[in-house]
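Colleague: Heads up: the sequence shown begins at -12 in our numbering, then just goes up one per residue.
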Amino acid sequence: MSVDGTALPTWLVVDVPGGELAVEVLGGTLMELGAKGMTPVGDRLVAAWSGKVTQGPLLAEIRRVVASLAEDGLLPDDRVEAKLVEDEDWVGRWRRSLGPIRAGERFLIIPPGVEADPDPGDRVLAIEPRMAFGTGEHATTRLALAGLETLPVAGARALDLGCGNGILSIAAALLGAKEIVAVDFEEESVEETAENAERHGVGDNVRVERADVLEWTPPEPPYDLLIANIYITPILAGLDRWLSWVKPGGFTVFTGVKQGAEEAELLAALDRMKMKVLRSEALDTWFCAVCELAGA
Ligand SMILES: C[S@@+](CC[C@H](N)C(=O)[O-])C[C@H]1O[C@@H](n2cnc3c(N)ncnc32)[C@H](O)[C@@H]1O
């Protein structure tokens, strides 16, 4: 296996020590390093990358962080293993082997091909795990879905900033949003969002654009709802402009933010913007805030 300098042909699969524990102490770092997904498997944590990633620097950084956590006693050892998997459907098969994922009270994410027995009233998200983020494995997606469920989404016009594979847009449409503009700067996200929306019968409600949300302006603001699962740095950089696209009395869901220092930064920024936090929740060290914009 070559591990230096090339764009990945398919998947780079890395496993690190620690299982569930590693999700807590290392999960955020792996996501920031571009992992498309990760799952504890026994006493290891398996994470996967695809697309334009240079493996040498990526693996060096993972090894550095793992070694430092092991030295501090936060991981059991510093053994990092990596392999290339030349199989486009590898992540799909991996996900299908893990079963359905519940999010909030009523969302059930069932990858096609997975056996599941939804309860009456469940809203099923039949998301095929591919390249874009949004399989439901990551806590932020589940937090955002749970947050969405608490809002009056029926009839809303919504923005989904950093849409990944479109899971939150589709969820909003299933909750009755009449129009959702989904945006992401990754080509694979735009393609998968359009395909997933069609597959869920909400293709007419979801419009997807490829853009950097820090430079983009949405069509025909204002909107009733803004959803952003997109990390603290873009949220802090974009917040003022983004909130100017929301109606007074409208709602927001922000996640992609770590518990602790990032959570405090987000809450301070929301407070400065006179946002009322209706609900906040944390899961697997990630934080989500559901808010209302003042002035209805
Ligand atoms: C954490 S994922 C969220 C995906 C999906 N919304 C979910 O909840 O699972 C963040 C997404 O934001 C996109 N993204 C990050 N920064 C962006 C930016 N400045 N402009 C547009 N998209 C961005 C990434 O490509 C990625 O698909």
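C-beta: ideal position from N, C-alpha, C; glycine also. Please read all numbers here as calculations on a predicted model, not as lab measurements.
Leaving out five residues on either side along the sequence, give the residues of the same chain with a beta carbon under 7 Å from the beta carbon of glycine 21.
Modeller: Hits under 7 Å: Trp36, Val40.
Colleague: Taking 7 Å as the limit between beta carbons, can you name the residues of its chain near alanine 133, skipping five residues before and five after?
Modeller: Ala90, Gly91, Glu268.
Colleague: Can you give me the C-alpha to C-alpha distance between alanine 9 and glutamate 19, rounded to a whole angstrom?
Modeller: Between alanine 9 and glutamate 19, the C-alpha separation is close to 15 Å.
Colleague: Just how far apart, CA to CA, sit threonine 272 and glutamate 136?
Modeller: Cα to Cα, the separation comes out at about 21 Å.
Colleague: State yes or no: is the C-beta of valine 233 within less than 9 Å of the C-beta of tryptophan 203?
Modeller: It is not a contact, given that the beta carbons lie outside the stated cut-off.
Colleague: Pull up the distance between the alpha-carbon of alanine 126 and that of leucine 270, whole angstroms please.
Modeller: Alanine 126 and leucine 270: Cα-Cα distance of roughly 6 Å.
Colleague: Using a 10 Å radius around the Cβ and a threshold of 16 neighbouring Cβ atoms, would you call serine 156 buried or exposed?
Modeller: Flag for serine 156 reads buried.
Colleague: Which runs of the beta strand (DSSP E) fall wholly inside the segment 8 to 75 and span at least 3 residues, in chain order?
Modeller: For the segment 8 to 75, whole beta strand (DSSP E) runs of length 3 or above, ordered along the chain, are 24 to 28, 31 to 37, 68 to 72.
Colleague: Can you look up glutamate 102 in the DSSP assignment and give me helix, strand or coil?
Modeller: In this structure, glutamate 102 counts as coil in the three-state DSSP scheme.
Colleague: Measuring alpha carbon to alpha carbon, tell me which of Arg51, Arg66, Ser55 ends up nearest valine 33.
Modeller: Among Arg51, Arg66, Ser55, the Cα nearest to that of valine 33 is on Arg66.
Colleague: Say the cut is 8 Å; is the CB of alanine 95 nearer than that to a heavy atom of ligand 1?
Modeller: The displayed chain sequence assigns leucine, not alanine, to residue 95. Answer for leucine 95: no, Cβ out of range of ligand 1.
Colleague: At what residues does the alpha helix (DSSP H) containing aspartate 199 begin and finish?
Modeller: Per DSSP, aspartate 199 belongs to no alpha helix (DSSP H) and is neither H nor E.
Colleague: With 16 other CB atoms within 10 Å as the buried threshold, where does glycine 163 fall?
Modeller: That one is exposed.
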